[in-house]
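One line per chain: the protein sequences are A and B, in this order. Number 774 in my numbering belongs to position 37 of the first sequence; there are no gaps in the numbering. Number 901 in my numbering belongs to position 164 of the second sequence; there are no gaps in the numbering.
Protein chains: 2
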Amino acid sequence: MSEETFTGKITIRDVAVRAGVALSSVSRVMSGHPDVSLAMRARVEEAVSTLGYEPDLIAQSLRSGSTRIIGFIIRDISNPLYALVARACEQELQRHGYSMILMNSDANIETESKNFQIMRRRRVDGVIASLVDEGDPSVKKSLISLNAAIVLLDREVKGIHTSAVLTNHYQGVYEATKHLIDAGHTKIGFVTGDENVYTTRNRMRGFKQAFGDIGKEIDESFLALGGFDAEYAFVHTHNLMTSQPRPTALMTGGISSTWGALRALKEIGLKVGEDLAFVALDEWPLFDIFSPEISCVYRDARTIGAESAHMMLQILKSGVQKKLIIETKFTARFSSGGGL
Amino acid sequence: MSEETFTGKITIRDVAVRAGVALSSVSRVMSGHPDVSLAMRARVEEAVSTLGYEPDLIAQSLRSGSTRIIGFIIRDISNPLYALVARACEQELQRHGYSMILMNSDANIETESKNFQIMRRRRVDGVIASLVDEGDPSVKKSLISLNAAIVLLDREVKGIHTSAVLTNHYQGVYEATKHLIDAGHTKIGFVTGDENVYTTRNRMRGFKQAFGDIGKEIDESFLALGGFDAEYAFVHTHNLMTSQPRPTALMTGGISSTWGALRALKEIGLKVGEDLAFVALDEWPLFDIFSPEISCVYRDARTIGAESAHMMLQILKSGVQKKLIIETKFTARFSSGGGL
DNA sequence: CAAAATTCCAGAATCGGTTCCATTATGAGT
DNA sequence: ACTCATAATGGAACCGATTCTGGAATTTTG
């Protein structure tokens, strides 16, 4: 009685002593090994429940080589889209007995590299990541030396075969651009991150295709593909919209970019849906209370999160790697009118 | 050469062999123990760098008893305020060699309880948590049996002394309410979560105080304190604003509540700042591009995150527990006008 | 009823480190 | 030169589990 009250940490040893059996027998009972008699099972279970024994996951990890931890590396969890992905992913992992270690790379390739190193040293079973820059030479090394399962989020690394959840931005952006072109726009600004990631390249494909359809080239001077952060979008939206000639329509890729751009437009005094046509790529849950309503290309973040977890679990269980494409959908609202 | 290329995992043993010294010596060099000669240090370091040895954190954890992992349990990471807290916290922990395991309790007391159990079994060094319900009997047990450092976010648990980062909601809500009362409002609706958490109780104190100042009691029928989720806020805002008599002003506590309430108002067709005065408790980063602009009570999420990490590190280092109060600030904008 | 097969369990090795202890080599003190 | 303190090192125990091996007890078989 008094022992149970005061003992700091109950180990398998304590259980073995209490039940009067060997360590190995306790282990067998706990893991459901067949070589266990009914009497043995009963004795051990009695001891386990009265002592309140809970196996130590650290010790199990060391011995088994599996930590049941999945790393999750993204640019910034405070981006609502990533937050939704992370949440859905974590729930799904939790359900299968895995925990998630979260790290923000902060759009910094060195931070990301360190994150991978820590994941490696922590011996995580896998990493789900949205890389800062697919092309950086350090990335390939990080992924290989990680020595764990990998699922990429909207990324492709040349020369390495990994599972990935990709988004069909192409379709949504194509439709959005076509929508603008059909309305009469040809001077369309585009503010988003660098082409060193799949996301931007895939979006640009859709953008170019829509122009190609009418036999036109895009005007490079209306492009600002330098960063996903709000600050970059703010500055370049400001520049674009105060230059001559200025775009009559604007697309922004990523929620932070959209935020930065909308701030710039507000400061300049341009009203979306009136003074210019505006389309956001990636929708954010609270967009629906915006006024005027924002036209956007939607993708389901929850599905992305849940599917990335599934793919991870599948690799861990059966080694099967695959790519999954998530569809996007353009919805025209008030903001993509006007501007002409 | 060929060994280095093919070997799967390099252990301290490999290093010891390569350097021709004992395991314990390698360990001493790695940990910076003083009992190491210059020659020894050089030999070991040579071996370490040519083999690319990295100590295994699992093994270190098992032996040392410290995992250098901090658990982070919140209702929902997709709440932007929590996301900002988590991000700042993670950065600060990372900087000091700690990693963060993230878990969403999903506003569910049982999920939260399981989360604590897993944290315990993973032997995390500490947990930073925003509890679902301070009063639930299981919570106290969870916290005690966790056997780790604890920092609570905006929570107080009776009978347990823990560190905590608290917010002075009182002041901000008091000012906001006074602002509405001064404008002539007496029928003020309040939609937020349950009083089983410090956050709501502290907010209600400010709310009541402002009424007390003018010798009035609050009207309980305008209160809806049942949940922080958007759905609850949507339903109860709808109810409140379509009943007779209806409030002329509305306050919502928490970003999800604000979202749900704004959706309901939009659906009903009531314009904030005109048809009713509106104040949001908790501001989120993208508020600034809203139109009309929302009056709100602000608290700095980044500071909360960074400070919670600091407090955690301090407990771990020196065992010092303390409470910290974060101030709030009410800013009147367009939305809190009108309604009369 | 003896031999063979089965069932069940204890003991030891192992995962990859850290740390205590004993031992040897070195230098200082007288 | 001899003792004593000090510095540096190797060896072994240990953290808390899992799993392999071998043997005892029990059951099946000829």
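Ideal Cβ placement from N, Cα and C applies to all residues, glycine included.
Among the bridge pairs identified by DSSP, phenylalanine 1067 of chain B is matched with B/Val1034.
The residue from B/Ser1045, B/Phe1015, B/Asp862, B/Lys1008 with its alpha-carbon nearest to that of cysteine 1033 of chain B is B/Phe1015.
Using a C-beta cut-off of 8 Å, the region 920 to 934 of chain A makes contact with the region 968 to 984 of chain A, since at least three inter-stretch Cβ pairs fall below that distance. For isoleucine 1062 of chain A, the three-state secondary structure derived from DSSP is strand. Secondary structure remark: continuous alpha helix (DSSP H) runs of at least 4 residues inside the region 804 to 877 of chain A, in chain order: 817 to 832, 846 to 858. When the Cα atoms are used, glycine 1006 of chain A and glycine 802 of chain A turn out to be separated by approximately 59 Å. Here the C-alpha atom of glutamate 782 of chain B lies approximately 57 Å from the C-alpha atom of threonine 995 of chain B.
The residue from B/Arg1070, B/Ser867, B/Ser774, B/Asn976 with its alpha-carbon nearest to that of phenylalanine 1024 of chain B is B/Arg1070. Under the Cβ criterion of 8 Å, serine 815 of chain B is counted among the residues facing chain A.
The Cβ atoms of valine 869 of chain A and serine 900 of chain A do not sit closer than 8 Å to each other. Against chain A, the CB of isoleucine 1026 of chain B has a partner CB under 8 Å away; the residue lies at that interface. At the C-beta level, valine 822 of chain A and isoleucine 992 of chain A stay beyond 8 Å of one another. For alanine 759 of chain B, the number of other beta carbons within 10 angstroms of its own is below 16, and it is reported as exposed. Apart from sequence neighbours up to five positions away, the residues of its chain that approach arginine 765 of chain A with a beta-carbon distance below 7 Å are Asp772, Val773, ordered along the chain. For threonine 899 of chain B, no beta strand (DSSP E) encloses it, and the DSSP letter there is neither H nor E.
Between the region 803 to 822 of chain B and the region 837 to 853 of chain B, the count of C-beta pairs closer than 8 Å reaches three or more; the two stretches touch.
Taking the C-beta atoms as reference points, arginine 938 of chain A is found no nearer than 8 Å to leucine 1018 of chain A. Histidine 906 of chain A is classed as buried because its beta carbon has at least 16 other beta carbons within 10 Å across all chains shown. In this chain, alanine 920 of chain B is not harboured by any alpha helix (DSSP H), its DSSP state being neither H nor E.
The alpha-carbon of serine 958 of chain B is positioned some 15 Å away from that of valine 972 of chain B. The Cβ-Cβ distance between lysine 915 of chain A and isoleucine 1026 of chain B does not fall below 8 Å. For chain A, none of the residues of the region 915 to 948 of chain B brings a beta carbon within less than 9 Å of one of its beta carbons. The beta-carbon of leucine 1023 of chain A is placed less than 8 Å from the nearest beta-carbon of chain B. In the displayed model, leucine 1023 of chain A falls within a helix according to three-state DSSP.
If you compare the alpha carbons of B/Arg800, B/Pro792, B/Glu791 with that of isoleucine 795 of chain A, the shortest gap goes to B/Arg800. Counting the other Cβ atoms within 10 Å of the Cβ of valine 1057 of chain B gives fewer than 16, which makes it exposed. About 7 Å separates the beta carbon of arginine 857 of chain B from that of asparagine 884 of chain B, a gap short enough to meet the 8 Å contact definition. For the region 827 to 846 of chain B, the set of positions with a beta-carbon nearer than 8 Å to some beta-carbon of chain A reads Glu827, Gln828, Gln831, Ser836, Met837, Ile838, Leu839, Met840, Asn841, Asp843 in chain order. Glycine 930 of chain A places its beta carbon 8 Å or farther from that of glutamate 968 of chain A.
Within the same chain, and ignoring the five residues on either side of threonine 1068 of chain B in sequence, the residues whose Cβ sits closer than 7 Å to its Cβ are Ser1032, Cys1033, Tyr1035. When secondary structure is reduced to three states using DSSP, valine 1009 of chain A falls in the strand class.
Taking 8 Å as the upper bound for CB-CB distance, proline 817 of chain A and proline 1022 of chain A are in contact here, some 7 Å apart. Spatial neighbours of histidine 833 of chain B in its own chain (CB-CB distance under 7 Å, excluding positions within 5 residues in sequence) are listed in chain order as Leu1050. Using a Cβ-Cβ cut-off of 8 Å, arginine 824 of chain B counts as an interface residue toward chain A, since at least one Cβ of chain A sits closer than that to its own. Contact residues of the region 779 to 805 of chain B toward chain A are Glu791, Pro792, Asp793, Leu794, Ile795, Ala796, Ser798, Leu799, Thr804 (C-beta to C-beta distance below 8 Å). Across the structure, aspartate 793 of chain B and glycine 943 of chain A are spaced so that their CA atoms are roughly 46 Å apart.
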